[in-house]
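**Q**
In the UniProt record's numbering, the protein residues as written are 1 to 302.
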């Protein structure tokens, strides 16, 4: 497929807003994210982005942001960038984030916290992969997400996945994708190992982070925390140790799924996740290859 430039109808403009209207619409704007609010009779989601630069970048003149349009990309409607706050206004996704859906404590039917079925997890993984694939392969120039994680995959009313918060460093004054970045690129537990010594990100950095998301979907575990025990610093290390110790994917599966999981499908997704989190970036697949492999999961012999 030929790479498409961000032109109509594959491009929409996100408006630059002044902070004051957002203050009145969402008075709790100092929180990182909060419940939806109404602005001009439209339900919206507001997120605060904390700049993590060593020194504040010179703010660019206010102008619309060009953004890609694809089914599995959350639409950014407006933004506010200034010394006091950096705010992003998105279309509202009624079912919240994948991270919230996976890691809700005591999920049950009565509280709306239904445990995601295996079929739902595989579908969400494939849809999110398609969104990232679009950013990497169908936009010119390619767009790097830089912060792929389960909390940045949002779920709409039909539980379809939409990738959010992509390319924030680019939108808010960061440097180019292939250059050394002064801001931390990614979230703890999702960051590719090479970033520690190169401070550079590319498409394969996003692939690594997506591999961690796949492991979350398989195990139901957060990428870091005491639940992994003393022998593993993160979910990747924990999963490698478990899978190499024997037992295969059954040793890693989220126990809340019960026995209603096609083992061949789950094993295939585990295989894809381990390819994504390879230590050396050149050995990781592209997001286009990840989409193809996830689509093949349902055709695995039982």
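Here a beta-carbon is modelled for each residue, glycine too, at the ideal position from N, C-alpha and C.
With DSSP collapsed to three states, give me the class of residue 191.
**A** Coil.
**Q** Quick check: the Cα distance between residue 281 and residue 204, rounded to an integer number of angstroms?
**A** Each residue's Cα considered, the two are about 6 Å apart.
**Q** Determine the DSSP secondary structure at residue 209, reduced to helix, strand or coil.
**A** Correct three-state label for residue 209: helix.
**Q** Whose C-alpha, out of 157, 164, 127 and 234, is nearest the C-alpha of residue 144?
**A** The shortest C-alpha separation from residue 144 is found at 164.
**Q** Going by DSSP, which residues form a beta bridge with residue 125?
**A** DSSP, once it has assigned bridges, lists no residue as partnering residue 125.
**Q** Just to confirm the assignment, what range does the alpha helix (DSSP H) spanning residue 291 have?
**A** 287-295 is the span of the alpha helix (DSSP H), which, as asked, contains residue 291.
**Q** Could you tell me the boundaries of the beta strand (DSSP E) in which residue 163 lies?
**A** Element bounds for residue 163: 161-163.
**Q** Using 10 angstroms around the beta-carbon of residue 88, count the other beta-carbons present and answer buried if the total reaches 16, otherwise exposed.
**A** Result: buried.
**Q** For the segment 123-139 against the segment 149-163, are there 3 or more C-beta pairs whose distance is under 8 Å?
**A** Judged by Cβ distances under 8 Å, the segment 123-139 makes contact with the segment 149-163, as three or more pairs qualify.
**Q** What's the call for residue 71, buried or exposed, on a 16-neighbour Cβ count within 10 Å?
**A** Residue 71 comes out exposed.
**Q** Tell me which same chain residues have a C-beta within less than 6 Å of the C-beta of residue 290, skipping the five on either side of it?
**A** So the list reads 129, once near-sequence residues are dropped.
**Q** Whole angstroms is fine: what's the gap from residue 225's alpha carbon to residue 191's?
**A** When rounded, the distance between both Cα atoms is 15 Å.
**Q** Considering just the uninterrupted stretch of the beta strand (DSSP E) at residue 154, what are its terminal residues?
**A** Here the beta strand (DSSP E) through residue 154 covers 153-155.
**Q** Rounded to the nearest angstrom, what separates residue 8 and residue 246 at their Cα positions?
**A** Unreliable placement is indicated for residue 8, whose pLDDT of 37 sits below 50; the coordinate value is still reported in the next sentence. Spanning the two alpha carbons is a distance of roughly 51 Å.
**Q** Determine the direct distance from the alpha carbon of residue 221 to that of residue 151, and round the result to whole angstroms.
**A** Each residue's alpha carbon lies about 13 Å from the other.
**Q** Pull up the CB-CB distance for residue 161 and residue 217, whole angstroms please, since I reckon it's below 8 Å.
**A** Going by Cβ atoms, the distance from residue 161 to residue 217 rounds to 11 Å, so no, they are not a contact pair.
**Q** Looking at the secondary structure, which residues open and close the alpha helix (DSSP H) in which residue 201 lies?
**A** First-last for residue 201: undefined, no H or E at that position.
**Q** Relative to the C-alpha of residue 100, which candidate in 92, 296 and 116 has its C-alpha closest?
**A** Residue 116 is the option with its Cα nearest to residue 100.
**Q** Opposite residue 73 in the DSSP bridges: which residues?
**A** Paired residue(s): 163.
**Q** Leaving out the 5 sequence neighbours to the left and right, which residues in its chain are closer than 6 Å to residue 296 when beta-carbon positions are compared?
**A** Excluding residues within five positions, none has a Cβ falling inside 6 Å.
**Q** Which word fits residue 58, buried or exposed, when buried means at least 16 other C-beta atoms lie within 10 angstroms of its C-beta?
**A** Reliability of the predicted coordinates at residue 58 is poor, the pLDDT of 42 falling under 50, and no value is obtained from them.
**Q** Let's test the definition: count the other Cβ atoms within 10 Å of the Cβ of residue 198 and tell me whether it reaches 16, buried, or not, exposed.
**A** Under this definition residue 198 is an exposed residue.
**Q** Using the C-alpha atoms, what's the distance from residue 299 back to residue 189?
**A** Cα to Cα, residue 189 sits roughly 31 Å from residue 299.
**Q** Taking the C-alpha atoms as reference points, what is the distance between residue 253 and residue 166?
**A** Going from the Cα of residue 253 to the Cα of residue 166 covers about 29 Å.
**Q** Determine the extent of the alpha helix (DSSP H) in which residue 236 is found, giving its start and end residues.
**A** It spans 235-244 - the alpha helix (DSSP H) in which residue 236 sits, taken as one unbroken run.
**Q** Leaving aside the five residues before and after residue 131 along the sequence, list all residues of the same chain whose C-beta is less than 6 Å from its C-beta, in chain order.
**A** Correct list, in chain order: 72, 73 and 163.
**Q** Just list the residues that DSSP pairs residue 97 with in beta bridges.
**A** 154.
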